[in-house]
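A short worksheet on the structure shown next.
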Amino acid sequence: MSSLSVESRPLAAGLRFLVVGGAHVAIGVLIAQGLGLRIPVPAVVESITTRVFPAERTDPPPRLLPSGVPEFQQRIAVSEPILKIDATIAEPILDTTALTPELARDEAGSSVPRSAPVVLKARADPNHPVTQPAYPAGAIRRSEQGAVIVSVWVLPSGRVGDARVDTGSGFELLDHAALIEARTWRLLPATRDGVAIPQWYTVRVVFNLLDR
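Sequential numbering of the sequence shown, starting at 28, is according to this note's numbering.
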């Protein structure tokens, strides 16, 4: 019995060694695997760098001057044209035909100046006084008053061929009343060398509430 126990001791010790060694190996493998999982693997990033080179500045070729022409003269030739402003003001042309009397020939054939025509303007006729228009009732109710300047076209017969309001009073009723009345007037016509001619004649018609 004692010999068997002595022989079994080395065997038990060898088994313990194998067990302990295997355990260490297993632990090392696990540690190695754990470390391998924790080690980060860097990502591959492709970097592209673009460089911009400035364009090469190219100066225009120098302009060649013609032989024998100085540089100063060449600069003047290519400069911008200068606009010339003519500040001359023409004198008004005077029509002298109306100022020069007509020339008539006498019996001997010589030229003698003819006198200028005598022109009389249209005017009031004492036999037919210019009548004042009636004051419009609507203008009286609204207290409207003022002056109207009326021009009438006096025919050679002295009657009025046309009438117009040159300057109104600011009130339509007053202007209309003056225009209607002016068409009924009789005047002395204008004359040239005693011959009646048509002409415009201007009259100022006043509407005043105090003169009613």
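Glycine residues also receive a C-beta, built at the ideal position from the N, C-alpha and C atoms.
Residue nearest to residue i in terms of C-alpha spacing, selected from the options
i: VAL146; options: ILE224, LEU237, ARG231 and VAL232; result: ILE224
i: LEU214; options: VAL233, VAL187 and ASP193; result: VAL187
i: LEU200; options: SER142, SER170, ARG141 and PRO183; result: SER170
i: VAL233; options: PRO144, GLY195, PRO153 and ARG219; result: GLY195
i: LEU206; options: GLY185, ARG231 and PRO183; result: ARG231
DSSP-derived helix/strand/coil call for residue i
i: GLY173; result: strand
i: GLY221; result: coil
i: ARG231; result: strand
Residue i vs residue j beta-carbon contact at 7 Å
i: SER149; j: ALA209; result: Note that residue 149 is Ala in the sequence shown here, rather than Ser. Not a contact, by the Cβ cut-off of 7 Å.
i: GLN240; j: VAL175; result: Residue coverage of the chain in this structure runs from 28 to 239, which leaves residue 240 outside it and unanswerable.
i: GLY173; j: GLY197; result: yes
i: VAL192; j: TYR228; result: no
i: ALA190; j: PRO163; result: no
i: ARG219; j: PRO153; result: no
i: TRP212; j: VAL157; result: yes
Classification of residue i by the beta-carbon crowding that lies within 10 angstroms, buried from 16 upward
i: GLN159; result: exposed
i: VAL72; result: Model confidence at VAL72 stands at a pLDDT of 40, short of 50, so the residue's coordinates are unreliable and nothing is read from them.
i: ASP238; result: exposed
i: ALA166; result: buried
i: ILE75; result: Low confidence applies to ILE75: its pLDDT is 39, below 50, so where it sits in the model is not reliable enough to give any reading.
Those residues which DSSP pairs with residue i across a bridge
i: VAL181; result: VAL187 and GLN226
i: LEU215; result: ARG150
Short CB-CB distance (under 7 Å) between residue i and chain B
i: ASN154; result: The displayed structure is made up of one protein chain only, and chain B is not part of it.
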